[in-house]
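Scroll down for the structure; my scribbles are underneath it.
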Amino acid sequence: MTGKAYLIGAGPGRADLITVRGLTLLRQSEVVLYDHLIARELLDAAPPSAERIFVGKGPGRHLIEQVAINELLVAQVRAGKQVARLKGGDPFVFGHGGEEALALRQAGLPFEIVPGVTSAVAVPAFAGIPVTQRGMATGFTVVTGHLAADQAYSAADWAALARMPTLIILMGLRQCADICAALINAGRDPNTPAAIISWGTTDRQQVVRATLDSLAAEGLARDLPTPAVIVIGAVAALADELAWFQPDGTADGFVE
């Protein structure tokens, strides 16, 4: 049987936010290569006979490097396996999906990209924050938080980011103070509404609302765990009225 890889976006954290297509292919898989941030319930959807291989990465720790993941994926498909490569969020949004697809293409092996619900949009939504809002935000920009420590980024980049109506930062919790300071130095109003959403869409969700100049301190005071999504922009203030998800059964579902 000819092997094939399916690069499947598992969604932002909740098991039931995977797409129908993704779940269908997962149920037909022979091998599942899965990441750290997927809902573990999804592993139960694969056939009992399917081999489950953890290839996840956590903050500051890579149990297996990306090159090795690419090689493992290629080897499994080359062996004739139907491989579900299960990745948090969307495979092509900071998920190394492009690298894995290129490795498969260069090896002459078939693959399919199965888009997923990205945390960049879903996590703010579960906190009551629309990333766009008529009359308030006409667009949004998604960046990786790792840019704060990268000296290759110039002040002009920060100036451009500071002008974005809504700025969404993934993987930026540990760099939150540097990011907020850089944006303020680039001209963003320190009183801009902002939020940090930890473990968004799950029963562990926590939301801290603040302003740009106080966000890092508020997040540190709450000792929020990763993963977290940072939202900066006027739309973050809408969480006051639109917070609908109540993971802990409280009246509003967020910490103020």
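Residue numbers (my numbering): -4 to 251.
Heads up, the beta-carbon is just placed ideally off N, CA and C, and yes, glycines get one too.
- Message: Using a Cβ-Cβ cutoff of less than 6 Å, which residues in the same chain neighbour Q200 once the five nearest sequence positions on both sides are dropped?
- Response: W194, P242
- Measure the alpha-carbon distance for T187 versus G228 and round it to whole angstroms. 6 Å
- Message: Taking its Cβ as the centre, do 16 or more other Cβ atoms sit within 10 Å of A150, making it buried, or is it exposed?
- Response: Unreliable positioning characterises A150 in this predicted model, as indicated by a pLDDT of 49, which lies under 50. A coordinate reading is not provided.
- Task: Indicate whether P222 and T113 have their beta-carbon atoms separated by less than 8 Å.
- Result: no
- Simplified DSSP assignment, three categories, for L165: strand
- Item | Option nearest A211 by Cα separation, candidates D184, R169, A181, F240 | Per the Cα distances, R169.
- Message: Quick check on the DSSP output: the beta strand (DSSP E) that includes I174 runs from which residue to which?
- Response: Not the beta strand (DSSP E): I174 falls in the alpha helix (DSSP H), residues 171 to 180.
- Is the distance from the Cβ of L12 to the Cβ of T196 below 8 Å? Yes.
- Query: Between A40 and K76, what straight-line distance do the alpha-carbon atoms span, to the nearest angstrom?
  - Reply: 17 Å
- Complete alpha helix (DSSP H) runs within the segment 90 to 124 (minimum length 4 residues, chain order): 92 to 101, 114 to 121
- Would DSSP call G214 helix, strand or coil? helix
- Query: From what residue to what residue does the alpha helix (DSSP H) around L68 run?
  - Reply: 61 to 73
- Message: I believe G93 touches G111 by the beta-carbon criterion, under 8 Å. Please report the beta-carbon distance rounded to the nearest angstrom.
- Response: About 14 Å; that fails the 8 Å criterion.
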